[in-house]
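The opening residue of the sequence shown carries number 1 in UniProt numbering; numbering runs sequentially from there.
Written out below as structure tokens is the structure these notes cover.
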Amino acid sequence: MKRLALKARPLDMETGRNIVVIHENDSQEIGHFPGDRVKLITERKAIVAIANETNKLVRPGELGAFREVTEALSLRPGDVVTVEIAPRPQSVASIKKKMMGGKLTFDEIGTIVRDIVDGNLSTTEMTAFVVSEFIRDMDLDEIVALTQHMVDTGDRMEFEREHVLDVHSIGGVPGNKYALLTVPIVAAAGLIVPKTSSRAITSAAGTADVMEVLANVTLGIEEIKRIVNKVGGVLAWGGAVNLAPADDIIINTERQLSIDPRCQLLASVMSKKLAAGVNSILIDIPTGPGAKVESIEEARNFAHDFIELGHKLKVQVEVAVTYGGQPVGHAIGPALEAKEALEALLGKGPGSLIEKSTSLAAIMLELGGAAAPGLGKEMAMEILRSGKAHQKMREIIAAQGGNPDIKPEEIPIGDKKEVVVAPYSGYVTQIYNQNINEIARAAGAPRDKGAGILLLRKKEGKVDKGEPLFEIYAEHESKLDEALEVARRKFPLKIEGMLLEKITHRPRVV
């Protein structure tokens, strides 16, 4: 096999994968085609990367290494790297098998997961795998195998406690910031909640995006364990630690495709929680028009899937089906949601946020043995009313490097603002969750923390023509204009009058 010894030229750019570039002359010499895999070998380590060609970015004899490869091989400028063509991974055949509707074996799934973690799959192959999951789905045996392999290919946390709890929402509802109340309520009762969360995939803000407004969420495993052991709870970004790392790579592909395959969602949630040492899990399934799960029947089926998967994996799972027909609270977007969550902890938040947060906390308190069956809600409300939850949140924020004394009004919001008014009088009969998310994302959320939407009116309320319905916030004028254009095309509220239709009598023609 033809090999080349090339001098490393680190390139200060992240690509999300192991990618290098080589000069087209060197590419031809070893019989490489753009996009092929190459094996990179140094004295210390060897990895597989995707190689592309260039005739300008690097010179003949050089290897352009993007940040992921530079860090993986600890490369310095001029280091010698041996390059050879790498064979196509065996997992590609398994991905094709799933694309054709076949059932994958435990070992085939393990090979796919290891190749994902090792960076052996190209962007096209990763896309093929995620799309095949979305279209073909997986049965329970495959999901169990996927979950176990995702856990086994990363690090794990352990806590010396009988009950280690966590709560996870499958998402799909704007403004779903419940965790910033639920976690401190449960932790204030003496239970521990090592909550790791993802960033937004298709929504305007994930829990990690919202918490990042208040404190650092990019924490290592030892930091998470230290904080949990000290204050009882944490709200960290799961992508910053090596817990089920395949999940974070797959999520990046899902984000680009704006899809969230059911089987992958199940494996994603369970693998992250198992890797975090959690043994009691509450799953929140928001349900209603415009939510990810629209019918109660579908929610029940999803719930049974989670419970059965938990049984197979030997963890206790309970499921809460919650109302998801409109946003939780009024704020959508990282900073707006952080502000509203702090207001709720201070007893001033919207009823829907407080009701959902305390209802989920109630189940967790009973699940962890802190409250007797049926008494969890009363205990959760008392912890919130007494200020103990707010105090616990202050401790969590401080432990994660934030300012525990921050007040809601001190959180910076985008300074570019537009108020959208009712085009005519009537009643708000529906709120379109997807349109809300699209407008907020167009405004810059979640990347721009101050971007988002503040809903001034929700379902079943009467509005007059010209009355403010919602406010759009952005950090850039161009993003505000983009959001307004989306709002014009996809108006997020449906307004109807009491008169639905007028039927006029017409004489029959004989």
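Heads up, the beta-carbon is just placed ideally off N, CA and C, and yes, glycines get one too.
Being a predicted model, the structure only gives us computed values, none of them experimental.
- The residue from Gly369, Leu493 and Tyr323 with its alpha-carbon nearest to that of Glu355 is Tyr323.
- Here Leu469 is near Leu493, since their CB atoms are less than 8 Å apart.
- The C-alpha of Ile109 is placed about 43 Å away from the C-alpha of Leu375.
- Annotation for His168: the continuous beta strand (DSSP E) segment containing it runs Leu165 to Ser169.
- If you draw a straight line from the Cα of Ala72 to the Cα of Val278, it comes to about 30 Å.
- Within the same chain, and ignoring the five residues on either side of Ser203 in sequence, the residues whose Cβ sits closer than 7 Å to its Cβ are Gly171, Pro174 and Asn437.
- Within the same chain, Leu266 come within 7 Å of Asp305 by CB-CB distance, once the 5 residues on both sides are set aside.
- Taking a C-beta distance under 8 Å as the contact criterion, Leu336 and Gly452 qualify as a contact pair.
- Separation of the CB atoms of Ala442 and Glu482 is rounded to 5 Å, and the pair is thereby assigned contact status at 8 Å.
- Per DSSP, reduced to three states, the secondary structure at Pro334 is helical.
- Looking at the DSSP output, Tyr178 bridges to nothing.
- The C-beta distance from Ser359 to Lys339 rounds to 22 Å, too long to meet the 8 Å contact threshold.
- Using a Cβ distance threshold of 8 Å, Met393 and Pro184 count as a contacting pair.
- Between the alpha carbons of Phe129 and Pro87 lies a gap of roughly 19 Å.
- Around Pro34, the same chain offers Asn52 and Glu53 as residues with beta carbons nearer than 7 Å, after the five sequence neighbours per side are excluded.
- For the segment 288-321, not one full-length beta strand (DSSP E) segment reaches 3 residues or more.
- Secondary structure in the segment 390-458: the beta strand (DSSP E) runs of 3 residues or longer, each lying completely within the stretch, are 416-421, 426-431 and 452-455 in chain order.
- Rounded to whole angstroms, the separation of the alpha carbons of Gly239 and Arg447 is 16 Å.
- Linking Ser271 to Gly288 through their CA atoms gives a straight-line distance of about 27 Å.
- Note that the C-beta distance between Ile495 and Tyr427 is below 8 Å.
- Straight-line spacing of the CA atoms in Glu471 and Val421 works out to 9 Å.
- The C-beta distance from Trp237 to Arg199 rounds to 7 Å, short enough to fall under 8 Å.
- DSSP, read as helix, strand or coil, puts Thr202 in coil.
- A Cβ-Cβ distance of about 14 Å is found for the pair Lys177 and Gln326, leaving them out of contact under the 8 Å criterion.
- Unbroken beta strand (DSSP E) stretches of 3 residues or longer found wholly inside the UniProt domain "CDC48 N-terminal subdomain" (2-89): 3-10, 19-23, 37-41, 46-54, 62-65 and 80-85, given in chain order.
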